Amino acid sequence: MIKAYGRQVQRTFRAKKLAYLVVLLTSIFIYAAYINGSPPEIDEFSEYDKEYDFDKREDETQPTYQEVSKKNNNWLQMLRNGYDYNEQQCPDYLTYASSAHPPYSKGSLRLPYMRPTEDCRTFSSDIIEKVIHEMTKRIEDPDIARLFENCFPNTLDTTILWHNLDIEKDNEDQYKTFIVTGDIHAEWLRDSARQLSVYQPFAKYDENLKKLILGAINLQASYISKAPYCNAFQPPLGSNIKRKPSAVDEVFPSPPWDDVFECKYELDSLASFLTLSNEYFENTHDDTFVSARWIDSLEYILTVLKRESSPTFDKNGVVLPFYYTFQRDTKIGSETLPISGNGNPVNFGTKLIRSAFRPSDDACIYQFFIPANIHILVELKKVKTLLRKKGLNELFSIIDHFTETIETGIKEFGIVNHPIHGKVYAYEVDGYGGLNIMDDANIPSLLSIPDLGYLNISDPIYQNTRRMVLDKKSNPYYFKEPLMMMMKSLKI
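Residues in the sequence shown are numbered consecutively from 20, following my numbering.
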């Protein structure tokens with residue numbers, strides 16, 4: 020049935036559908052607007068160069084779980100406790116999504132309705148339901164309308180495995196929200212932040228949605244304070260969500276595997292926590308998430324940035340300390356780091372920040388990953404506004420220094436001369452002249468630079484970069500066929 024459905028899509032999906040999809044994505048932002056109305060010395064940072072106590076456990080006795088909507092409680096209890104699913108009641112969504120469900124759209128594709136039944140959704144937001152209702156009325160193509168109806172609420176429908184919204188207002192920093200990234204009951208910092216991005220403009224219209232996002236910020240802050248080098252985490256112990264075994268690799272510094280699902284150091288994961296925080300503040304003007312825990316997590320992020328700006332060798336060729344190593348017992352080269360888990364060498368004087376892995380969770384070839392440096396730069400600049408408002412002047416000054424140096428590093432080492440496209444942004448560099456010309460489907464990417472907020476889409480160097488990325492002769496991961504164009508990844 021799946022193959023037959025795929026052939027039907029290939030036969031009927033034409034340029035008109037693609038055009039409608041562009042209009043759809045644009046309309047989401049229009050609707051949001053409509054409802055709105057509108058290199059230092061080490062001792063300079065010694066105060067923030069914390070000694071990691073990864074075995075330290077916070078006293079985080081979770082409040083009793085209270086589901087906001089009683090209709091969701093039975094299924095969530097089964098999900099959290101790992102009970103067998105009643106297929107006639109609330110099946111696992113992976114099982115549910117493996118079959119088509121009526122009613123079908125009235126367009127040529129006859130797309131199924133793939134939202135769980137109301138009593139099986141993990142979270143419900145009145146404002147999001149209103150948006151779905153209004154948008155599906157305005158979208159002329161019924162197939163595109165069905166795609167929006169299925170996809171837009173999917174994070175809320177299927178991935179909010181735990182949230183405690185029964186907290187007194189004076190304890191808002193205790194709100195917690197655990198968002199599963201996919202079929203594994205674990206939360207990736209980057210993925211969960213991006214899963215919530217589309218709902219951020221609507222948070223001020225729905226108090227429960229606002230609390231949900233606030234809980235996501237609080238939980239990510241807690242995760243980073245425990246293991247700032249790690250990218251994916253287990254459900255909180257107090258949530259009673261059934262866990263899968265952690266990917267226990269040989270990692271230094273050794274993380275608390277009771278909390279950590281995977282510990283690949285990805286610069287963009289730390290940037291994504293700031294994205295989640297910045298978007299919430301920009302859309303709600305609520306700064307109550309800036310608690311002692313959030314400040315602690317920010318300081319840990321700054322510690323990692325300082326450490327990972329260190330080169331492999333000093334100016335005299337002496338090997339410098341490694342602050343992070345990762346080794347996995349695998350036959351897949353992109354799943355581990357070379358040179359005893361250290362990664363390939365990087366040069367001194369670049370002012371860039373290392374990243375061991377990409378947002379695809381694949382290892383960087385050259386650890387100065389330019390899209391992630393752009394991402395962290397943008398988010399640090401935004402955080403300065405928040406810090407100034409809160410009177411956190413010392414943190415403001417440290418971040419101000421980072422933004423100046425990283426931006427200089429991007430301009431000096433991230434922009435290279437391409438033999439066909441001229442000046443472009445490289446995907447990865449090492450500061451020695453080694454560079455990787457490619458792009459990946461995951462964000463942050465070269466293609467997403469304007470979306471990250473770094474520069475305007477009309478910027479000439481970005482336009483050169485865009486032509487390079489969308490050129491099969493220049494980007495090995497660009498895929499083009501008569502009915503499909505796409506950016507691939509090592510995993511695709």
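Built from N, CA and C at the ideal position, the CB exists for glycine as well. Please read all numbers here as calculations on a predicted model, not as lab measurements.
Excluding residues up to 5 positions away in sequence, I320 lie with their Cβ nearer than 6 Å to the Cβ of L289 in the same chain. Annotation: Y444 to P469 spans about 13 Å, alpha carbon to alpha carbon. Boundaries of the beta strand (DSSP E) harbouring L180: I179 to N183, taken from the DSSP string. Beta-bridge analysis with DSSP links F332 to V338. Where M506 is concerned, the enclosing beta strand (DSSP E) starts and stops at M503 to M506. Where Y497 is concerned, the enclosing beta strand (DSSP E) starts and stops at Y497 to E500. If the five residues before and after K408 are omitted, its C-beta is found closer than 7 Å to the C-beta atoms of D306, all from its own chain and listed in chain order.
Listed in chain order, the non-local C-beta contacts of L471 below 7 Å within the same chain comprise I393, H394, V397 and P463, local neighbours out to five positions each way being set aside. Take G452, set aside five residues on each side of it, and no residue of its chain has a beta-carbon closer than 6 Å to its own. If you ignore the 5 residues before and after I425, its C-beta comes within less than 8 Å of the C-beta of K370, L371, I372, N392, I395, L396 and L399, all in its own chain and listed in chain order.
The residue among D145, C139, L166 and E148 with its C-alpha nearest the C-alpha of K125 is L166. Contact annotation: I434 and I476 have beta-carbon atoms that are not nearer than 8 Å. Our two residues, H440 and K230, have alpha carbons roughly 47 Å apart in a direct line.
In the DSSP assignment, N436 falls outside any alpha helix (DSSP H) and lies within the beta strand (DSSP E) extending over I434 to H437. Note that the segment 273–282 does not touch the segment 324–338; fewer than 3 beta-carbon pairs, one per stretch, sit closer than 8 Å. In this structure, D348 is the residue among D348, L293 and S127 with its C-alpha nearest to the C-alpha of S359. The alpha carbon of H304 has as its nearest neighbour, out of F221, D333, V337 and S316, the alpha carbon of F221. Looking from the CA of D225, the closest CA among I314, N250, S144 and L128 belongs to S144.
Where E269 is concerned, the enclosing beta strand (DSSP E) starts and stops at E269 to F271. Bounds of the beta strand (DSSP E) holding E281 are V279 to E281.
DSSP places G126 outside any alpha helix (DSSP H), giving it a letter other than H or E. Here T427 has K370 as same chain residues with Cβ atoms under 6 Å from its own Cβ, once five neighbours each way along the sequence are excluded. Look at Q346 here: in three-state DSSP terms it is strand. In the three-state scheme derived from DSSP, where H, G and I count as helix and E and B as strand, T136 is classed as coil.
Of the candidates M457, E431, N335 and F308, M457 places its Cα closest to the Cα of R377. In this structure, the CA atom of I179 is about 6 Å from the CA atom of F142. Cβ neighbours of I151 within its own chain (closer than 7 Å, five residues either side excluded): E168, F171 and P172. Shown here for D202: same chain residues with a beta carbon closer than 7 Å to its own, the five before and five after excluded, namely L113 in chain order. The C-alpha of T155 lies about 9 Å from the C-alpha of I163. With respect to the 8 Å criterion, E298 and Q219 are classified as neighbours on the basis of their beta carbons. Along the length of the segment 213–284, whole beta strand (DSSP E) runs at least 3 residues long occupy 269–271 and 279–281, reported in chain order.
Here K334 is exposed: its Cβ has fewer than 16 other Cβ atoms, across all protein chains shown, within 10 Å.
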